[in-house]
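Student: Top line first, the protein sequences correspond to chains U and V.
Residue numbers for the first sequence follow our numbering, so the first one is 1 and each next one is one higher.
Residue numbers for the second sequence follow our numbering, so the first one is 1 and each next one is one higher.
In this text, a Cβ means the ideal position worked out from N, Cα and C, and glycines have one as well.
Sharing a structure, written as structure tokens. Questions coming.
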Amino acid sequence: MSAEVTTFGPDRLSRHGRAASIALRMLKDRGFVVICILAATSSILVLSWLLWSILSSGLTYLDWAFLDDVPSRKPEKAGMGPAIIGSVLVCAVCAFFALPIGVGSAVFLEEYKPTKGKWVKRLHAFVQLNISNLAGVPSIVYGIIGLTVFVEMFGLFGSANDPALAIGSHPFEASDGSSYLEQAWYYFQLPIGRGVLAGALTLMLVILPVVIISAQEALRAVPDSLRHAALGVGATRWQMVSKVSLPAAVPGIMTGSILAMSRAIGEAAPMLVIAGIVFITYTPLHLMDDFTVMPLQIYEWAKKPQEAFHAVAASGIIVLLAVLLGFNALAVFIRNKFHKPLS
Amino acid sequence: MMEPSEAALPEEPVATHEEITFKTDLSQTRPSEDPQDLDAAVRVERFSSWYGDFQALQALSFVIPENRITAFIGPSGCGKSTLLRWINRMNDLVPSARAEGVLELHGTDLLSSQADVVDLRRRVGMVFQKPNPFPKSIYDNVAFGPRLHRKLSRSETDDLVEQSLNDAALWDEVKDRLKASALSLSGGQQQRLCIARAVACGPEILLMDEPCSALDPKSTAAIENLMATLRQHYTIAIVTHNMQQAARTSDFTAFLYQGELIEFGATQQIFTKPEQRETENYITGRFG
Ligand SMILES: Nc1ncnc2c1ncn2[C@@H]1O[C@H](COP(=O)(O)OP(=O)(O)OP(=O)(O)O)[C@@H](O)[C@H]1O
Ligand SMILES: [Mg+2]
């Protein structure tokens, strides 16, 4: 500050600098709003054009039967029943594995954070950094990992067609004298092959980083004063986690997990690597069975040469969008309904 | 006009001027005792504590007498909270904290690494500066501690909750809404709920770190009156920046300054004829 500033009160500014034009400032202000509106409308326009084109062609084949029917060579008979059931199965199994592992990892990383020891702390920071990095890895990479680790199991147990271990299959004598192996609903084999289980485990890899990070954020939002209160009355660390921090974080964890599941349902690339394009006309009988999922089925229809099938693909997209919208709405609902203040 | 049935949420009793007055003004009523003549709840000897290289407490020696209220006063940053956090081992959560010397609760070494921290914390109740009830029902808040330590039948829990809420002078205000969220209570009620929660575990000593600093005079009065009642059953250590509060409520006062114990003695003596210059300056507001 130079010592010459001696004016006080409203005169101080008028003595220094050139007056900025009010008109110009207002113009900039307006201009910025216009730019924002343009940006918003252009994205909305593109989105509604997309939706319109999908709706206009997709509604032709969309009826209740479409949700139930199996794929067919005739577009008017085609349906996505097996794909819907496949998606539901794969996502259910995926959630079964991803939620406990993801929430468990988050609890470990957040609540059992090391406080002493330089190297343990560095290890913690390293793991944390890598989980954030994994969230950005393209899903096709997970597909390839899933292929090696789950489908083939590094070739340790032979090939999928000649598994080293198979539980739940028994020889069945057909009437014409030929015999084959019939597989029960609990059929299990090693390696697990290109089945529902391999798909679910691969999707688990895709969404685990997201589940972990969102669960960590939910735990971080629980104020420390509550943890201190629990420890202060003699809770062990586990009692503190299970009775105070986890229950308080549940709504946040659920919201994050549901959004992760909606990502899993829409994934095509890793599923393409695991399941390939298969013409499936039945519901998977057990966890090793071949399957298809909605995005794959849509992809298959869309790449057919016949125009009519593109309309069928559009119908499939409408169904998929409806499911995704449902998931997101559920997440918003849970966030609004169950998120309560914690202090 | 509100129908009686509509008054589902009982309000805190309307304070008349009588009720706001502090019932206990010990400077008139209590004879001053020598802390050495009383049983010791907590014994502190040559006790020092560090955060990293910073020494927060310097070779303190005194006893907190049983069934009395001991106030800790001193300027901000002098180590009052640090001392309390050692008594219930909350400093275990601070990686850089370490301590030396003797710190005993009824003969149990509080610093030993073999000490069962979980049991220690049950024996030492802590009330924090800001009320921190769990986002659970009033009932579950009080039952939280006991349930951690033993299996209780429904009726046992009911009894314990009622008794503890009574101890904390909150029962009459919440008995009709035990299932309501603890967060629906006012700040003063929340703090008394935290006291009930601490008392429910049957602690041998109750530590209160500025329990009234976030409360209005009426709630403060409620808590001070409560302390006077609790004094019959519990040993209480309270940290406060409010000189009148220390003078009103406590039997003994410890004055800490820059990590050192400057003076410890009967409250009446500390506030009327302190032996140390610093103590006098602090309580008369000449520094701090
Ligand atoms: N976690 C910590 N890490 C490092 N230093 C700390 C930590 N906690 C407290 N200190 C330091 O120890 C000293 C004593 O702190 P303490 O919290 O005990 O003070 P206090 O007497 O309770 O003060 P106040 O009246 O403001 O609450 C202060 O100088 C503070 O900066
Ligand atoms: Mg303090």
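Taking buried to mean at least 16 other C-beta atoms within 10 Å of its own C-beta, is residue 121(V) buried or exposed?
Tutor: Buried.
Student: Taking Cβ positions only, does residue 231(U) come closer than 8 Å to chain V?
Tutor: For residue 231(U), the answer is yes, since a Cβ of chain V falls inside 8 Å of its Cβ.
Student: Taking 8 Å as the threshold (beta carbon to beta carbon), is residue 179(V) in contact with chain A?
Tutor: Checking the listed chains, one finds no chain A in this structure; the protein chains it contains are U and V.
Student: Note down the Cα distance separating residue 23(U) from residue 51(U), rounded to an integer number of angstroms.
Tutor: Distance between the alpha carbons of residue 23(U) and residue 51(U): 42 Å.
Student: Let me know the secondary structure DSSP gives residue 44(V) once reduced to three states.
Tutor: Note: residue 44(V) maps to strand in three-state DSSP.
Student: Suppose the cutoff is 7 Å on Cβ atoms and the five residues either side in sequence are ignored; what does the same chain contact list for residue 165(V) look like?
Tutor: Excluding residues within five positions, the ones whose Cβ falls inside 7 Å are 142, 171, 174 and 196.
Student: Just curious, the alpha helix (DSSP H) that residue 220(V) is in, first and last residue?
Tutor: That run of the alpha helix (DSSP H) goes 217-230.
Student: For residue 240(U), collect the residues of the same chain with a Cβ closer than 7 Å to its Cβ; drop the 5 residues on either side in sequence, then sort them by chain order.
Tutor: Correct list, in chain order: 227, 230 and 231.
Student: Which of helix, strand or coil does DSSP assign to residue 76(V)?
Tutor: Three-state DSSP puts residue 76(V) in coil, outside helix and strand.
Student: Along chain U, which residues have their Cβ under 8 Å away from the Cβ of residue 201(V)?
Tutor: Under the 8 Å cutoff, chain U gives 233 and 234.
Student: Straight-line CA distance for residue 32(U) to residue 14(U)?
Tutor: Approximately 28 Å, taken between the alpha carbons.
Student: For ligand 1, which residues count as neighbours when the test is a C-beta closer than 5 Å to any heavy atom?
Tutor: Listed along the chain, these residues meet the criterion: 51(V), 56(V), 76(V), 77(V), 78(V), 79(V), 80(V), 81(V), 82(V) and 94(V).
Student: My parser needs the alpha helix (DSSP H) runs of 4 or more residues fully inside the stretch 137-178 of chain U; what are they?
Tutor: Complete alpha helix (DSSP H) runs here, min 4: 139-146.
Student: Check the Cβ-Cβ distances between residue 228(U) and every residue of chain V, and say whether any is below 8 Å.
Tutor: Cβ-Cβ to chain V under 8 Å: yes for residue 228(U).
Student: Heavy atom of ligand 4 less than 7 Å from the Cβ of residue 224(U), yes or no?
Tutor: Absent from the structure shown: ligand 4. Ligands present: ligand 1 and ligand 2.
Student: Could you say if the stretch 163-174 of chain U and the stretch 264-282 of chain U meet the contact criterion of at least three C-beta pairs nearer than 8 Å?
Tutor: These segments do not touch.
Student: Do residue 139(U) and residue 295(U) count as a contact pair if the criterion is CB distance below 8 Å?
Tutor: It is not a contact, given that the beta carbons lie outside the stated cut-off.
Student: Which residues mark the beginning and the end of the beta strand (DSSP E) in which residue 65(V) is found?
Tutor: Looking at the DSSP string, the run of the beta strand (DSSP E) that includes residue 65(V) is 54-65.
Student: Kindly indicate if chain U contains any beta-carbon less than 8 Å away from that of residue 197(V).
Tutor: Yes, because at least one Cβ of chain U sits closer than 8 Å to the Cβ of residue 197(V).
Student: Helix, strand or coil, according to DSSP, for residue 289(V) in the structure here?
Tutor: Because residue 289(V) is not part of the residues shown, which for chain V are 1 to 288, the question remains open.
Student: Give every residue of the same chain whose Cβ lies closer than 7 Å to the Cβ of residue 309(U), excluding the five residues on either side of it in the sequence, and list them in chain order.
Tutor: If we look at residue 309(U) and ignore the five residues flanking it on each side, its Cβ neighbours are 75 and 301.
Student: Which residue's Cα is closest to the Cα of residue 193(V): 244(V), 217(V), 125(V) and 232(V)?
Tutor: The candidate whose alpha carbon is nearest that of residue 193(V) is 125(V).
Student: My assumption, with CB atoms under 8 Å, is that residue 142(U) sits in contact with residue 205(U). Please give the rounded CB distance.
Tutor: Right, their Cβ atoms sit about 4 Å apart.
Student: Where does residue 88(V) land, buried or exposed, given buried means 16+ other C-beta within 10 angstroms?
Tutor: When all chains shown are included, residue 88(V) counts as buried.
Student: Find the residues of chain V that neighbour residue 315(U), judging by a C-beta separation of less than 8 Å, and give them in chain order.
Tutor: Within chain V, no residue comes near residue 315(U); the closest Cβ sits about 46 Å away, beyond 8 Å.
Student: When you compare the CB of residue 148(V) with every CB in chain U, is at least one pair closer than 8 Å?
Tutor: Closer than 8 Å to some Cβ of chain U, the Cβ of residue 148(V) qualifies, so yes.
Student: Would the beta-carbon of residue 259(V) fall within 8 Å of that of residue 58(V)?
Tutor: Their beta carbons are under 8 Å apart, which means residue 259(V) touches residue 58(V) by this criterion.
Student: For the alpha helix (DSSP H) containing residue 299(U), list its first residue and its last residue.
Tutor: First-last of the alpha helix (DSSP H) with residue 299(U): 294-302.
Student: For residue 90(V), would you say it is in contact with chain U, using Cβ-to-Cβ distances shorter than 8 Å as the test?
Tutor: Output row for residue 90(V): interface = yes.
Student: Is it buried or exposed, residue 235(V), if we count other Cβ atoms within 10 angstroms and call 16 or more buried?
Tutor: It is buried - the Cβ of residue 235(V) has at least 16 other Cβ atoms within 10 Å.
Student: At a Cβ cut of 9 Å, what residues of the stretch 240-253 of chain U count as close to chain V, listed as they run along the chain?
Tutor: Within the stretch 240-253 of chain U, the residues whose Cβ lies closer than 9 Å to some Cβ of chain V are 243, 244, 247 and 248, listed in chain order.
Student: Tell me which same chain residues have a C-beta within less than 8 Å of the C-beta of residue 344(U), skipping the five on either side of it?
Tutor: Absent from the structure is residue 344(U), since the part of chain U shown begins at 1 and ends at 343.
Student: From the DSSP secondary-structure annotation, give me the bridge partner or partners of residue 51(V).
Tutor: Looking at the DSSP assignment, residue 51(V) forms a beta bridge with 54(V) and 97(V).
Student: Assuming the contact rule is C-beta atoms closer than 8 Å, residue 190(U) and residue 153(U) should be a hit. Round their C-beta distance to whole Å, please.
Tutor: Confirmed, Cβ separation roughly 6 Å.
Student: Whose C-beta lies closer than 7 Å to the C-beta of residue 109(V) among residues of the same chain, with five residues either side of it excluded?
Tutor: So the qualifying residues of the chain are 115.
Student: Have a look at residue 326(U) and residue 193(U) and give me their C-alpha separation to the nearest angstrom.
Tutor: Going from the Cα of residue 326(U) to the Cα of residue 193(U) covers about 32 Å.
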